[in-house]
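Quick mapping for you: the protein sequence lines, in order, are chains U and B. Going by my numbering, the first residue of the first sequence is number 50, and it counts up by one from there. Going by my numbering, the first residue of the second sequence is number 854, and it counts up by one from there.
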Amino acid sequence: MATVKNELLIRVYVVLFVIVLAAIAVFAKAVKIQVFEGDKWRAKGDSLYVKYKPVFAERGNIMAEDGSMLATSLPFFEIRMDFKSDAMDDKLFEENLDSLAYCLATYVSNSHTVGGYRELLMERKAAGDRYFLIKKNVTYPELQKIKKFPIFNLGRYKGGFIVIRQSKRNRPFRMLAQRTIGYVRDDGNPVGLEGYFNKTLGGEAGKQLMQRVSHNTWIPVNDLTEIEPKNGDDLVTTIDINLQDIVHEALLRGLKHHDANHGTAILMDVKTGAIKAISNIGRTDLGWWETYNYAIGSATEPGSTFKAAAMLALLEDGHVNLDDSIRIYNGKMQFYEEEMVDASSESFKLDTTSVRRAFEISSNVAMGSLVQKHYGKNKKGAEFIKRLKSFNLHLPTGIEIEGEAPPIIKEAYSKEDDWSGTTLPWMSIGYELTVTPLQLLTFYNAVANNGKMMKPYLVSEIQQFGEPVEKIKPTVIKRQIAKPASVQKLQELLEGVVEVGTARGLATNKYRFAGKTGTAQINYRKFKPRANIKYQASFAGYFPAENPVYSCIVLVNEPKEHGFYGGEVAGPIFREIADQCFATRIELHEPINTRGRNELATNQLPNMDVGKREDIQSVLSYLDIEHTPTSRGNWSVVKADADTISLQRRTIKEDVVPNVVGMGLRDALFILENLGLKVVVSGIGKVKLQSIKSGTRIKGQTIKLTLK
Amino acid sequence: MSIGTKIYAQLGGDRAIWMIVAILVIISLLTVYSATGTIAYKERAGNTEFYLIKHFMFVIAGMFLTYLCYMMHYMQYSRMAPYLLLISIPLLVYTIGFGAEINEAKRWITVPIIDLTFQTSDFAKLALIIYIARAISSKQDYIKDFNSAFLPLIVPILIICGLIAPADLSSALLLFFTCVVMMFIGRVDLKFIGLLLFLGVVVFAFLIVLGSFFPEAIRVDTWISRVRDFMENSDGGYQIQQAKIAIADGGIFGAGPGNSMQRNFLPAPYSDFIYAVICEEYGLFGGFVILCLYVLLFFRCASMVTRSPKAFGAILALGLGLSIVFQALANIAVSVHMVPVTGLTLPMVSMGGTSFIFSSIAFGIILSVSRYIEKTT
């Protein structure tokens, strides 16, 4: 029995011994890898270094009000081949090499022949290229085709097919509102809506495990992204692309005409504050271009357009009535050591006039002396400042664009702000303070809107896959910036400026508009007295005057040709914008006649016109013209008598030349050619004469039609 | 008295084996959590806890089964053995015919109702080992006889291994080898063992021939390519190179828990190549501890035989211990590039359903045996 036990134990020990040996061997191998081969493997590990790299999400679109694309991302692809892909089968590669070479030479590039590609692929395969460039800038449809090539159709692992997705920001309307749409670049500050809404548009980047195959080359480890990126949302802006085009063209024409330095124009919807168009054009070495958002980023001394604000302050505080008389001393007045001079030739002839007239001819002396008289004594300057602040003129508008320049309104009697004895009168005419065009327009818009101040805005909706995520409603900054009576008086003055004042040359009998001219001296301090003085011409206003729909400001910096006054430089641009808005927006027109329909004169009726019966009947019905219809035949002729209109049948028979007189060319050609005639045409209009009489047999003749 | 010491005092059986189980499970949870980071990113949108929780559920279930098996008297297993073996044969046949295919191998069947995939070879392995242990111990008096002892032993071995082999050659070889060593320890004549090895080769050759007719059922191509990879490429294929980089990167004490880099490249870093991840995160030291734990387990199993040589329990514990330690060594040997790539898991450490569950059961049975052997001696 002991032998049995011994035999068994011996065998157990043998197994135990073998297992321990095996364990030692395994561990020794691990030590060998770690210690003796360690450097080799660690180096290899470094070369295989991987990390998660961001996969950029598709950037959202920026759209105009009607959905047309202002900025969109176009995807394009780079295609590469990894010849050392893990699962690439050598046999398969060899078998499909010829067909791949053929596809590449035929569809991708003619830089190599089929044989050339074949050799190139074999050479790169032998070299173990992991990142061989097949093609750059591949479009999506091209990618779909290339994907199906032999070997490539096996995908990332087996086919070594690497697709790198890139995208390019594209602005289909190019320069239109370019600066406002903006951009985001790796270097430099983000600009415009792209910058302000960068997060919304940008979405969330995904992650993809990328492997380094050479110094600066990373290839995806897996075919798919590990974390899918979340695409950015789309922005729907308030920009109306047609109005934008109008504003841009008008501004550009004006800038060229006056050989100006730069200019800006903004068109705003009065009721909502929505910006319908915004243009900024500057002179560059490469021509006219949107390079800076002057409308938003540049606060300057506005000059006379600011008089509206000063006047509203005076009106609101009850200091003036429009028909008060005021001395303007023939347009010259001394304030302490400074002399204020008017620009209007009319001023020089007047010693005394009404407040209304003084405003209409933009008298500096009148505004300066009024403000000085009512706020210049007994430390009342603070009241004036307080009033301006109640118009919100001291605050930025909060427009959705980075870098809005804050306005500068001096604090009353503040030493830091350089307050002096002449500050008040000069502020009243738009100096010693700065505002941006948009800020000033916001004020004018409030005046047009009967005192209700709306916040200007550019984005009305944020969308995802065409569904709204967030709707942005118009925001009221201030329900009433001044008493309705004061606002109404200012409106009256602004209308007067256009009717009989500095902008009277711009008035039109088609509609009425209101506004104020401005001619600011840019460098009046530096170049005293008047030598080489530079100007900034502006016009701010709204239209139609009775029931304003749009407010608009135009600013032209340094006009050098054809005048420099606001009324002659910026005014015409404003007028052109307003004209075009009227021309394209039917809803702005007053009904032409609201009385009953006029009797139609017979000669205006479509007498003897010929056309398709149904078409004529539907046109006449649409125009609500009484007529006797007919139910016979395809073609009808209109017979208009003094008091009735009737339709008669025009017969077309086969094999016989028909009477096509009175038809449009389209109908006549259709009928005649279908009957087998050759047609030669001259003139324009409707068919007046036909060379072959109706009723003649058709034998393939050529018929001449004279149109008139 | 803390909870830990309370449990320790309560538990019977071999305390060293209990410790081994506890340490392996802790390492398992830590390493699986780290190693699943990449697939969590790929498949669970970065929800790294998903696999931890899933694995934790398996660990809880496994520990429960360990305890259950430990509480049962080991002689119960002896009574169950023939039935288990009878059940496993149709299961294996069904798997070959209709099993679920995962990673191009038909090794799983889906259990209805609970909808879990279940690797039938794990079940068959357990059944066969219990059966062989029972047969060896009951035939000890005439163990050197061919007809009455040897034949009844080899027939189930050849059938079961032959049925496992088509889809999972490495498991089949391992089981075959485990049984051979069990028979060797159980005093079967060396002549017969030589004969059995020869028979094994014959069955294997038969399978290869059969494989040329049924390439989908028998993965001969995979076997050849893996062996060729191993023989021809001294640096190893891509997977092996990644494992070596992991081991090299780990150094002596490792990069620390959760700091594995190679988990991103290793295929199945949470199961087949988990040893490489352990070496990367815990260094050679960690790798050494793991090896020692398995060897120690076998020491403890062997010591039961020395105490109670003829007993069914001792042979059973030894067989299960052998199976675990062989599988562990085979798994580790793959990572250090000593054998061709297999699909074997590291017992009690790798994440994974049935493998972990059956390892837990095996540990439970060993512990049950240890409890009664302690009582009787």
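Think of the CB as a built atom: it goes at the ideal place given N, C-alpha and C, for glycine as much as any other residue.
query: Sub-9 angstroms separation of residue 287(U) and residue 598(U) beta-carbons; result: no
query: Cβ-based contacts, 7 angstroms cut-off: residues of the stretch 54 to 71 of chain U near chain B; result: 54, 56, 57, 58, 60, 61, 64, 65, 68, 69 and 71
query: Under 9 angstroms (Cβ pairs) to chain A, residues found in the stretch 1136 to 1162 of chain B; result: Here chain A cannot be found, since the structure's protein chains are U and B.
query: DSSP three-state assignment for residue 228(U), whether helix, strand or coil; result: helix
query: Contacts of residue 174(U) in chain B (Cβ-Cβ under 9 angstroms); result: Those within 9 angstroms of residue 174(U) in chain B number zero; the least Cβ separation is about 17 angstroms.
query: Contact test: residue 1027(B) Cβ vs the ligand GTP heavy atom, cutoff 8 angstroms; result: With respect to the ligand GTP, the structure offers nothing, as it holds no ligand at all.
query: Euclidean distance between Cα positions of residue 1007(B) and residue 1203(B); result: 31 angstroms
query: Enclosing alpha helix (DSSP H) for residue 1178(B) [first to last residue]; result: 1165 to 1188
query: For residue 576(U), the three-state DSSP class (helix, strand or coil); result: Only weak support exists for where residue 576(U) lies, its pLDDT of 37 falling under 50; the value from the coordinates is given anyway. The answer is coil: DSSP assigns residue 576(U) none of H, G, I, E or B.
query: Straight-line gap, residue 54(U) to residue 1161(B) (C-alpha atoms, nearest Å); result: 9 angstroms
query: Option in 1121(B), 1130(B) and 1171(B) with minimal Cα separation from residue 1113(B); result: 1130(B)
query: C-beta atoms of residue 226(U) and residue 328(U) nearer than 9 angstroms; result: yes
query: Candidates 867(B), 882(B) and 869(B), of which the one nearest residue 1201(B) by Cα; result: 882(B)
query: C-beta neighbour in chain B for residue 254(U), strict 9 angstroms; result: no
query: Near-chain U residues of the stretch 1037 to 1064 of chain B - C-beta to any C-beta below 8 angstroms; result: 1037, 1038, 1039 and 1040
query: Residue range of the unbroken beta strand (DSSP E) whose run includes residue 383(U); result: 381 to 384
query: Minimum Cβ-Cβ distance from residue 942(B) to chain U less than 9 angstroms; result: no
query: Residue 879(B) versus residue 153(U): straight-line alpha-carbon distance, rounded; result: 55 angstroms
query: Below-9 angstroms beta-carbon distance, residue 1103(B) vs any chain U residue; result: yes
query: Contact with chain B by residue 179(U), beta-carbon distance below 9 angstroms; result: no
query: Contact check, residue 622(U) vs residue 605(U), beta carbons under 9 angstroms; result: yes
query: Cβ neighbours of residue 253(U) in the same chain (closer than 7 angstroms, five flanking residues each side left out); result: 106, 278 and 279
query: Contacts that residue 877(B) makes with chain U (C-beta to C-beta distance below 7 angstroms); result: Within chain U, no residue comes near residue 877(B); the closest Cβ sits about 15 angstroms away, beyond 7 angstroms.
query: Same chain, Cβ closer than 7 angstroms to residue 930(B), neighbours up to 5 away in sequence not counted; result: 983, 1169 and 1218
query: Residue 592(U): first and last residue of the uninterrupted beta strand (DSSP E) it sits in; result: 584 to 592
query: Validate contact between the stretch 497 to 516 of chain U and the stretch 428 to 435 of chain U using beta carbons, cut 8 angstroms, 3 pairs; result: no
query: Under 9 angstroms by beta carbon: chain U residues contacting residue 1084(B); result: Here the premise fails: no neighbours, minimum Cβ distance about 16 angstroms.
query: Amino acids of chain B, ordered along the chain, whose beta-carbon sits closer than 9 angstroms to that of residue 91(U); result: 1098, 1101 and 1102
query: Meets three-Cβ-pair contact criterion under 8 angstroms: the stretch 183 to 199 of chain U and the stretch 140 to 154 of chain U; result: yes
query: Host alpha helix (DSSP H) of residue 975(B) (start-end); result: 973 to 991
query: As assigned by DSSP and simplified to three states, the class of residue 693(U); result: coil
query: Beta-carbon contacts of residue 447(U) that lie in its chain and below 7 angstroms, excluding the five residues immediately before and after; result: 504
query: Residue nearest to residue 378(U) in terms of C-alpha spacing, selected from 187(U), 398(U), 724(U) and 371(U); result: 398(U)
query: Neighbourhood of residue 368(U) by C-beta, 6 angstroms cutoff - its chain only, sequence neighbours within 5 removed; result: 423
query: 9 angstroms Cβ cutoff met for residue 317(U) and residue 491(U); result: yes
query: Positions along the stretch 973 to 1006 of chain B whose CB lies within less than 7 angstroms of some CB in chain U; result: none
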